[in-house]
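To keep things clear, I will list the structure first and then write my remarks on it.
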Amino acid sequence: MSDADDEPPLLDDHRTWRRIVKQGQLTRLPEGVIVGAIRANYRCEGVDQDFVREMIVFISDRMLSILRSEISTKTFPDGGNDIVEAVHDAMLKALLSPTAADGEGLRKWFKPTLRNRAIDHVRRARAKMKLMPDMVDDPGGMVDPRTENFSEAEQEADVQRILNCLRGKGVRDVFELHMQGYRCSSIKGESISSILEIDPDTASKRLASAKQQLEKLIGRW
Numbered sequence: 649m650s651d652a653d654d655e656p657p658l659l660d661d662h663r664t665w666r667r668i669v670k671q672g673q674l675t676r677l678p679e680g681v682i683v684g685a686i687r688a689n690y691r692c693e694g695v696d697q698d699f700v701r702e703m704i705v706f707i708s709d710r711m712l713s714i715l716r717s718e719i720s721t722k723t724f725p726d727g728g729n730d731i732v733e734a735v736h737d738a739m740l741k742a743l744l745s746p747t748a749a750d751g752e753g754l755r756k757w758f759k760p761t762l763r764n765r766a767i768d769h770v771r772r773a774r775a776k777m778k779l780m781p782d783m784v785d786d787p788g789g790m791v792d793p794r795t796e797n798f799s800e801a802e803q804e805a806d807v808q809r810i811l812n813c814l815r816g817k818g819v820r821d822v823f824e825l826h827m828q829g830y831r832c833s834s835i836k837g838e839s840i841s842s843i844l845e846i847d848p849d850t851a852s853k854r855l856a857s858a859k860q861q862l863e864k865l866i867g868r869w
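Counting from 649, one number per residue, gives the positions in the sequence shown under the numbering used here.
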């Protein structure tokens, strides 16, 4: 990416997204922003779908990697592969559905959405097997397999609770716009600085502060 602050492009800026894919720069962007770009460009008239398919493959691989690290390999006869595949397939369908709540959930909070759906599937499998041991590995202490199923409202409330922990003038406002795909500055459309009526440097500093605080709270996004 050419911008000094490495902000992602607008979600529907398909030309820039095509260049990012071609240059192998997807790993530098949050998964949720990539999900937003996929949902904005998938089957969009006049948009070359080759780069969109590559983004889908990238996100699919990230899903599998996260799920395999979360599902216990010791409890199920197949090492949890059936559950991993079931969650992955369901979330991939949600990603590509413009009306799926989980598709929007992946855009807003990628890892928590995957983890919550993994817990749902694990509980169903546990009920069938009539087993009670922990089913989800949680080396980072972020997932509790004993927690009740999270509704969409509860999931959003949890994210809002985390965002409420952000400190500093305007820091939360900047980060919420960043998660919606806005850049700190842009000559092509609305940006964080134009929406909040602040200069781009201030927007960049507040975004950096938000990321530093969130890394301490929940690890890297």
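Even for Gly, the Cβ is constructed at its ideal location relative to N, Cα and C. Nothing here was measured: the structure is a model prediction, and the numbers come from that model.
Contact belief for residue i with residue j at Cβ below 8 angstroms, rounded distance in angstroms
i      : j      : result
Ser857 : Val819 : 5 angstroms
Asp709 : Arg666 : Not quite, the Cβ-Cβ distance comes to about 19 angstroms (not below 8 angstroms), so this is no contact.
Pro656 : Arg831 : 7 angstroms
Thr761 : Asp750 : 6 angstroms
Val732 : Leu712 : 7 angstroms
Ile686 : Leu743 : 6 angstroms
Gln860 : Leu814 : Wrong, their Cβ atoms sit about 10 angstroms apart, outside the cutoff.
Bounding residues of the alpha helix (DSSP H) (the contiguous stretch that carries residue i)
i      : result
Asp660 : Element bounds for Asp660: n/a, residue is neither H nor E.
Phe724 : Taken as a continuous stretch (DSSP letters only), Phe724 belongs to no alpha helix (DSSP H), as it is neither H nor E.
Glu820 : Note that residue 820 corresponds to Arg in the displayed sequence, not to Glu. Note, Arg820: alpha helix (DSSP H), 819-827.
Gly753 : 749-756
Ile843 : 840-844
Inter-stretch contact at 8 angstroms, needing at least 3 Cβ pairs: the segment 698-706 / the segment 721-736: no
Can you find at least 3 beta carbon pairs, one from the segment 674-682 and one from the segment 690-697, that sit closer than 8 angstroms? no
Taking three-plus beta-carbon pairs below 8 angstroms as touching, is the segment 835-842 in contact with the segment 665-674? no
Length-filtered (4 minimum) alpha helix (DSSP H) runs lying within the segment 668-746: 679-689, 698-718, 729-744
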